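All remarks here apply to the structure that follows.
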Amino acid sequence: MRAELLIENIRFPDGTSGAVAVSQGRIQSLGPEVLAASRSFDGEGALILPGLVDGHVHLDKTLIGLPFIPHIPGDTVGKRIEAEKHLRRTIDVPVETRGALLIEKLSAQGTVALRSHVDIDTEIGLMGLEAELALKERYRHLMDIQIVAFPQSGILRDPGTADLLNAAIEAGADLVGGLDPAGIDGDVSGHLDIVFDIAGKHGVGIDLHLHDAGALGAFELRQIAERTLALGLNGRVAVSHAFCLGELDAFDFDLTASLLAKADIAIMTTAPGPVPMPPVKPLQAAGVRVFSGSDNIRDAWSPFGNGDLLERAAIVCDRQDYRSDEDLELAFALVSDAPSQVIGRPSGMTVGAPADFILLPVRSIGEAVAERPAKRTVFKRGVNVTPVAGD
Ligand SMILES: [Zn+2]
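Numbering (the numbering used here), first residue to last: 181 to 571.
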């Protein structure tokens, strides 16, 4: 069958050269064979890689598009929540504008899909969600967007939030979130009862933010795993951050990791510093899926972040002391195939998968992570969506 588009003169990660044929937004064939096609694109020898996937981002929080706002200090999660709410009341640029700029920025760097956590609280209600649902529709051609209803102000400490989380799922959020059942709500069972009840009632997955440290955090992870197993939600629950996994002794780590593996709970890490980081290889060796994401990009939580997932992979390598090509490839998977799988999207460069690619002027995945070239050609469902210079 004649292909609609042939991306030719490209290099595959295994070192071979060839072409990718695309039809109806999907990969029709790939390899050394060059098919006849209606149109062709000369890859000029670039390396072709699957489009990048951001497993954790906050489209509603970003301050991109505003003049730079100096960071408001606050050394606990609770203080940061209040600082953010204060700042939010003063911003007159809506989420739809700021989120749109962030989506375009991410796309330009090679990101083709993302999971966004949107704040749900009794002050803002579902306003952020409504804006993100509109963005999801508006940017369908550029980005697959999955939305988590995220109780940033807690659930029990902000009465009314549980009802709002239910309403958020009914309004179109894809997953229900949670936040430090002990550290923020002070009631592990009470918090998790509500989150898992909503997930069970609506048949949606879960992605919780867990900053609680040490033995307390590990206890919460095991509680999350027990509830996941009890509800049969295996493979549909993720925990973001889980710093505690980076500070457990061998006994507690093995106990917790084996339960996470049994419940197939995925762990998202941004490779943060200077807090402890979940150890990637030991988790994977225990059978736990690990993925990565940007988290805060120029918002009330951090003045930093640029959404570059190749840089994120390099940060993972830096924090985990990864230097070999194999290790750099492992880190690349944390920002491509791993989050793609977590958000339930076909991943990798295979026939039938979405034609979502990034072309880079390098020779290997290792070089892509080390070099992080500025020149990136991005295809979304077979369409070249690379911004034109000067845009
Ligand atoms: Zn987050």
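Every residue, glycine too, gets a C-beta built ideally from N, C-alpha and C.
Since the structure is predicted, the reported quantities are computational estimates derived from the model, not experimental observations.
- Per DSSP, Ser-516 lies in no alpha helix (DSSP H) and is assigned neither H nor E.
- If you draw a straight line from the Cα of Ala-395 to the Cα of Val-419, it comes to about 16 Å.
- Ranked by Cα distance from Ile-386, the first of His-371, Val-202, Asp-255, Ser-197 is His-371.
- Between Val-275 and Ala-311, the C-beta spacing is below 9 Å.
- Relative to ligand 1, even the nearest heavy atom lies 8 Å or more away from the CB of Asp-392.
- A Cβ-Cβ separation of about 6 Å places Ile-261 in contact with Ser-333 under the 8 Å criterion.
- In this structure the region 538-553 does not lie against the region 253-270, because fewer than three pairs of beta carbons, one per stretch, are closer than 8 Å.
- Pro-541 is a Cβ neighbour of Ala-226, given a cutoff of 9 Å.
- Exclusion of the five residues before and after Ser-438 leaves Ala-466 as the residues of its chain whose Cβ lies within less than 7 Å of its Cβ.
- For a cut-off of 8 Å, the C-beta gap from Leu-281 to Gly-245 is around 5 Å, short enough to register as a contact.
- Ser-420 is bridged by DSSP to His-389, Met-448.
- Close CB contacts of Leu-425 within its chain, under the 6 Å cut and outside five residues either way in sequence, are with Pro-458 (chain order).
- Remark: the C-beta of Asp-475 is in contact range of ligand 1, defined as less than 8 Å to any heavy atom.
- In this structure, His-389 lies away from His-321, with their beta-carbon atoms at least 9 Å apart.
- Counting along the chain, no alpha helix (DSSP H) covers Lys-560; the unbroken beta strand (DSSP E) around it starts and ends at 557-560.
- Closest in alpha carbon position to Ile-364, among Gly-340, Gly-352, Pro-331, is Pro-331.
- Distance between Ala-293 and His-251, taken at the CA atoms: about 28 Å.
- In this chain, Ile-249 is not harboured by any alpha helix (DSSP H), its DSSP state being neither H nor E.
- The beta carbon of Gly-211 lies closer than 7 Å to those of Gly-198 in the same chain, with the five residues before and after it left out.
- With contacts defined by Cβ atoms closer than 9 Å, Arg-469 and Asp-324 do not form a contacting pair.
- Annotated three-state conformation of Ile-304 is coil, per DSSP.
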